[in-house]
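In what follows, a single structure is set out as structure tokens and then discussed.
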């Protein structure tokens, strides 16, 4: 009996010692992760300030590939930590919230302006190219976001899930596209970065868009180099027009029925010589007549106001991604979005 009692006490002692050791190791790991995350976050905050410096230093009259903020993803070591910083303008993407007004008078029914009608047709062409039924998906988006309760032609005041009410307001996040009928992930590859191959090192940057990438759960969770997400093409933060100096070719092609691969190639070649600053620059392209120029004028601009700043601090054990959207102002840029993943 004494031997059995002693053995039992030894087993209990060993178990307690092992448990205490495991708890200590787990607590130590948690502490190290917390310290790492805090240090990485402070580095990301400093990198964000650097991004603002780049925007303040830029001439805001026109924005294009030659601007300092548009130099593509930059990797550096900051305070001993590996950092990746990228600044992109939001006006290179399609401004989906500009399709509808912010509000309507009581009892009024939404009637699109000429600009909104042109935007809707352009979005339809873009969605067709991305594998969606463009016309019905656009109509469903308009009905989901416009302030009235009257269905548009081809649309319907109903969500993808009938249990989720129609918002009848502009989108706050691209993740909300998952609630809209007819919307699936885009089927094409991501657009080329503004300066060609400078943004091809995507081993860590894709995770920044985790909130949007996971919106369509039935289509997979992982972003790959050859798979785009709606955050590549669309924006909920935008002035309402598309910057012709920075938009990818796929969006330029969607602007008008007369936009062809050859014409878009000429526009891209022209802007590579120097940012387009107005209609006179477009008139130098022979294929753009006055009618097309007038129609494009409803959709395009030559500079940008909103900018997305992406930061990745890779140091382990707690790497982080920060994504911010700012409204540019040379004196005091306005922060409109701040997300940490």
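Numbering (my numbering), first residue to last: 11 to 351. Ideal Cβ placement from N, Cα and C applies to all residues, glycine included.
Next item on the list: Would you give the residue range spanned by the alpha helix (DSSP H) that residue 332 belongs to?
Entry: First-last for residue 332: 330-337, but that is the beta strand (DSSP E), not the alpha helix (DSSP H).
Margin query: For residue 247 and residue 131, what's the separation of their Cα atoms in angstroms?
Written below: Whole-angstrom Cα-Cα distance: 20 Å.
Check: Alpha carbon to alpha carbon, how far is residue 329 from residue 41?
Finding: About 14 Å.
Item checked: Continuous alpha helix (DSSP H) stretch holding residue 127: start and end -> Counting along the chain, the unbroken alpha helix (DSSP H) around residue 127 starts and ends at 124-139.
Checklist line | DSSP three-state assignment for residue 308, whether helix, strand or coil | finding: Residue state, collapsed to three classes: coil.
Check: Is it buried or exposed for residue 243, if we count other Cβ within 10 angstroms and need 16 for buried?
Finding: Under this definition residue 243 is a buried residue.
Notebook entry, point to check: Comparing alpha-carbon positions, which option in 77, 150, 95, 69 lies nearest residue 59?
Noted result: Comparing Cα positions, the closest option is 95.
Margin query: So residue 153 and residue 167 are supposed to be a Cβ contact under 8 Å. How far apart are they, rounded?
Written below: With 8 Å as the limit, residue 153 and residue 167 qualify as a contact, their Cβ atoms being about 5 Å apart.
Check: With a Cβ-Cβ cutoff of 8 Å, do residue 149 and residue 160 count as a contact?
Finding: For the 8 Å CB-CB criterion, residue 149 and residue 160 do not form a contact.
Note to self: Could you tell me the alpha carbon to alpha carbon distance between residue 120 and residue 287, rounded to whole angstroms?
What the structure shows: Spanning the two alpha carbons is a distance of roughly 33 Å.
Checklist line | Residue nearest to residue 133 in terms of C-alpha spacing, selected from 53, 202, 174, 250 | finding: Ranking 53, 202, 174, 250 by CA distance to the CA of residue 133 puts 250 first.
Check: Is the Cβ-Cβ distance between residue 5 and residue 258 less than 8 Å?
Finding: Outside the displayed span of the chain (11 to 351) sits residue 5, for which this structure offers no information.
Note to self: Is the separation between the beta-carbon of residue 193 and that of residue 139 shorter than 8 Å?
What the structure shows: In this structure, residue 193 keeps its C-beta atom at 8 Å or more from the C-beta atom of residue 139.
Margin query: Please return the same chain residues whose Cβ sits closer than 7 Å to the Cβ of residue 337, not counting the five positions on each side in sequence.
Written below: Only 315, 316, 343, 344, 346 meet the Cβ criterion.
Item checked: Close Cβ partners of residue 236 (< 7 Å) along its chain, the five nearest in sequence each way excluded -> Contacts found: 199.
Item checked: Contact set for residue 122: own chain, Cβ-Cβ below 6 Å, skip 5 residues either direction -> Nothing meets the Cβ criterion.
Checklist line | Selected residue, minimal CA-CA separation from residue 301, among 266, 348, 277 | finding: Per the C-alpha coordinates, the member of 266, 348, 277 positioned closest to residue 301 is 266.
Checklist line | Under the three-state DSSP convention, the category residue 93 falls into | finding: When DSSP states are grouped into helix, strand and coil, residue 93 belongs to the strand group.
Note to self: Tell me the DSSP secondary structure of residue 267 in three-state form.
What the structure shows: Secondary structure at residue 267: coil, using DSSP grouped into helix, strand and coil.
Next item on the list: Return the residue from the list 66, 97, 157 that minimises the CA-CA distance to residue 109.
Entry: Ranking 66, 97, 157 by Cα distance to residue 109 puts 157 first.
Note to self: For residue 67 and residue 81, I'd like the C-alpha separation in whole angstroms.
What the structure shows: About 13 Å.
Margin query: Using DSSP's beta-bridge definition, name the partner residues of residue 88.
Written below: According to DSSP, residue 88 shares a beta bridge with 91.
Note to self: Using CA atoms only, rank isn't needed, just tell me which of 111, 118, 116 is closest to residue 124.
What the structure shows: Its Cα nearest to that of residue 124, the residue 111 stands out among 111, 118, 116.
Note to self: If you reduce the DSSP assignment to three classes, tell me which class residue 278 lands in.
What the structure shows: Residue state, collapsed to three classes: helix.
Next item on the list: Measure how close the beta-carbons of residue 88 and residue 64 come, nearest whole angstrom, since I'm counting them as under 8 Å.
Entry: Actually they are not in contact, since the Cβ atoms of residue 88 and residue 64 sit about 15 Å apart, beyond 8 Å.
Check: Whose C-beta lies closer than 6 Å to the C-beta of residue 98 among residues of the same chain, with five residues either side of it excluded?
Finding: Only 318 meet the Cβ criterion.
Check: How big is the Cα-Cα spacing for residue 180 and residue 113?
Finding: For residue 180 and residue 113, the distance between alpha carbons rounds to 9 Å.
Note to self: Taking 8 Å as the threshold (C-beta atoms), are residue 260 and residue 136 in contact?
What the structure shows: For residue 136 and residue 260, yes; Cβs fall inside 8 Å.
Checklist line | Burial state of residue 350, where buried means 16 or more other Cβ atoms lie within 10 Å | finding: Counting the other Cβ atoms within 10 Å of the Cβ of residue 350 gives fewer than 16, which makes it exposed.
Next item on the list: Determine the closest residue to residue 256 out of 271, 311, 289, 238, with distance taken between C-alpha atoms.
Entry: Of the listed residues, the one whose Cα sits closest to residue 256 is 311.
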